[in-house]
Structure formats: C-alpha cells, structure tokens
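The opening position of the sequence shown corresponds to residue 196 in the working numbering, with each subsequent residue numbered one higher.
Ideal Cβ placement from N, Cα and C applies to all residues, glycine included.
These notes concern the structure reproduced below.
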Amino acid sequence: MDAIKTLFRRVSVYRVTLYFLIAVLALAAALSEAGVLPYRAGDILLQAGLFVAVSWGANALAAYFLKIRTKPESAIITGLILACIMGPLAWEREWFVIIAASAAAIGSKYLFAIRHRHIFNPAACGAVVSALVLGYPASWWVGSVELLPIVFLGGILGAVKLRRLHLAAAFLCFYTALVIGDSFFLQGGSGLVIFTQSVNLLASSPLIFFALIMLIEPMTAPPSRRWGIAYGAFAAAVLFLFQRFLFEAPFLLEASLLAANLLAAVANPFFRLSPSRVKGA
196 MDAIKTLFRR VSVYRVTLYF LIAVLALAAA LSEAGVLPYR AGDILLQAGL
246 FVAVSWGANA LAAYFLKIRT KPESAIITGL ILACIMGPLA WEREWFVIIA
296 ASAAAIGSKY LFAIRHRHIF NPAACGAVVS ALVLGYPASW WVGSVELLPI
346 VFLGGILGAV KLRRLHLAAA FLCFYTALVI GDSFFLQGGS GLVIFTQSVN
396 LLASSPLIFF ALIMLIEPMT APPSRRWGIA YGAFAAAVLF LFQRFLFEAP
446 FLLEASLLAA NLLAAVANPF FRLSPSRVKG A
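And the structure:
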C-alpha cells in the first residue's frame, strides 16, 4: 500500500489524467466490441487517434510559430477528452468535425489567454465551435452507466491528485440540490420520483465525467478551497438555469463551464497555477 501511495505521489498530474482517459476509451472499445455499448470499437479508437494527432499537431504548430515551449501531454489530453465527449464519429465521413473541434480547442488556448495561461477549457471550446459552426454538438457518450465505475474511480484519483475534490463535490451536490428542489417545490414530484431522478441524474449522465475531469482543470479552476467551492457552485447554478430556460441548446454543459471559466478570470485573472506548481503534481 505504501509503495502504491509513493508511486501515486510521484506520477505527474498529466500522467494520471492521461492514463485514466486511455483506460476509459480502451474499456469503451472493449464493451462496444462485446455488444454492451451501441458503438463500433473501431470508431472509438480511430477517432481517439485522430483527435490526439490533430490536437498535438495544432499545438506543435502554434508553439513553433509563437516560439514558446509547451507540454505535449496537455494537447494529447485535450484530444482524448474530445474523443470521450464527441461522437463516436465515423471518421471516413466526419473527419472534418474532428479537425475543426481539435483546432478550435487548441486555438482557444492561445487566442484567449492571460499571462500565457488560457482562460477557457479547451475541450469545451472545441465542442461549442463544432456545435455552432458545423452542427455537430458533443454527444457526451462517455456518460453511460456501463462506464460509470471507471469514470468515477479514475476521476476521484485525478481530483485527489489535483487537490480539487472539493470543487467537483460542490458542483455535484449543489446541482443535485437544485434539481431536487425544483422537482419537489415547483413541480410537485413525489419522493420516489425525485429519488429515482437523482440516481439517474448521476449514474446515467455525463455529470461525473464533467465534474471530475473538465471542471477541475488546474489552468482554469481556482486553486484555493473557498474559491473552488464557489466556482463549482456557480457552474452548477448556471447549468441549472441554462437547462431551465435554454433547454433546446445542444451545448449547455460546455456553456456552463465556459461561463465559470470567464467568471474566474474576471474575478481574479492572476489566480491560476501551472500544473507543475500544483501540490502533489
């Protein structure tokens, strides 16, 4: 046990997230091949490879022309996250979606930045651009009950490594409370209906992946506990309001994350830390 704890402390934040995302996609491909998930294993693996290749290439080009040093793992992680929330796409017909979403995600890191640190979550930007420009919104297919165990366990490990578990918990708790309160007080739902709704909300939706992977990104999430809890609660409130009044929009999760990113930047544009300075990284 001590050896595992020591190894976990030594592995970088990037590596923990990278290995986790690879494991999620590998399991999804295996379950699809076994007929458990309604996708083609080849589509999952091929789109993941293309998302990673385009994201890495776009990041390398940007770094070359801007003459800056970047971490290639960051671009790879962005590509893997896009592979988890987009599609699964048939690459031979929808290759342009992969290119556009990846390029927009990486481009947002350099177009919207303060002191060389991006303001918005790159994968969320890529998904929003894909939805608005190409009409291909994120499907969030990773939010299935079959993938929940690995998403939950791996996400917890990553959140602990980043010291952002309080942030994810604040989002999940506050959002669930808003949904339950709305169902009970405004819609008059019964206790059993509300309980079932709450379970399905967390087990069969992308909220766990969203909270434990995208919301806690260290470059855009506050490092302090107090601000982190406020950040998570704000994202939950925005998502709830978006779903209440803009329920037809196909990118509400991404929009709520970008709104929280913007608030964090406006409130304190210099709070962000690079992953190398995060404790335990």
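Review point. What is the rounded straight-line gap between the Cα of serine 250 and the Cα of serine 297?
Key: Position 55 of the sequence shown, counted from the first residue, corresponds to residue 250. Position 102 of the sequence shown, counted from the first residue, corresponds to residue 297. If I take the Cα positions, the gap works out to 5 Å.
Review point. Which class does isoleucine 263 belong to by DSSP, given the choice of helix, strand or coil?
Key: Counting from one through the sequence shown, the residue named residue 263 turns up at place 68. Isoleucine 263: coil per DSSP, three-state reduction.
Review point. Which residues in the same chain as glutamate 341 place their Cβ atom closer than 7 Å to its Cβ, once the five residues preceding and following it in sequence are excluded?
Key: As a working mapping, residue 341 is identified with position 146 in the sequence shown. Cβ within range, chain order: Leu226, Val231 and Leu232.
Review point. From this set, Pro267, Leu284, Gly252 and Val208, which residue's C-alpha is nearest alanine 243's C-alpha?
Key: Locating residue 243 in the sequence shown gives position 48, where the first residue counts as 1. The shortest Cα separation from alanine 243 among Pro267, Leu284, Gly252 and Val208 belongs to Leu284.
Review point. Just checking, does the segment 254-262 make contact with the segment 310-325 on the three C-beta pairs under 8 Å criterion?
Key: no
Check your understanding: Quick one: what's alanine 308 bridged to in DSSP?
Key -> If you number the sequence shown from 1, residue 308 lands on position 113. Looking at the DSSP assignment, alanine 308 forms a beta bridge with His313.
Review point. By the 10 Å Cβ neighbour count, where 16 or more other Cβ atoms means buried, how is arginine 472 classified, buried or exposed?
Key: Taking the sequence shown and counting its residues from 1, one reaches residue 472 at position 277. Because the pLDDT of arginine 472 is 41, which lies under 50, any placement of that residue in the model is unreliable, and the question is left without a value.
Practice item. Compare the C-alpha of proline 344 against each of Glu228, Thr212 and Leu222 and name the closest. Key: Counted from its first residue, the sequence shown places residue 344 at position 149. Minimum Cα distance to proline 344 is reached at Leu222.
Review point. If you check the beta carbons only, do isoleucine 272 and leucine 213 fall under 9 Å apart?
Key: One-based indexing of the sequence shown puts residue 272 at position 77. One-based indexing of the sequence shown puts residue 213 at position 18. Yes, Cβ-Cβ distance for isoleucine 272 and leucine 213 is below 9 Å.
Review point. Exposed or buried, what is glutamate 287 when buried is set at 16 or more other beta-carbons lying within 10 Å of its beta-carbon?
Key: Residue 287 sits at position 92 when you count from the first residue of the sequence shown. Under this definition glutamate 287 is an exposed residue.
Check your understanding: Between which two residues does the alpha helix (DSSP H) carrying threonine 212 extend?
Key -> By 1-based counting over the sequence shown, the position of residue 212 is 17. Looking at the DSSP string, the run of the alpha helix (DSSP H) that includes threonine 212 is 208-228.
**Study point:** For serine 325, three-class secondary structure by DSSP
**Key:** By one-based count along the sequence shown, residue 325 stands at place 130. The answer is helix: DSSP assigns serine 325 an H, G or I state.
Exercise for review: Take the Cβ of serine 469 as the centre, count every other Cβ of all protein chains shown within 10 Å, and call the residue buried at 16 or more, exposed below.
Suggested key: Locating residue 469 in the sequence shown gives position 274, counting from the first residue. The predicted position of serine 469 is uncertain, since its pLDDT is 43 and thus under 50; a value taken from the coordinates is nonetheless stated next. Burial call: exposed.
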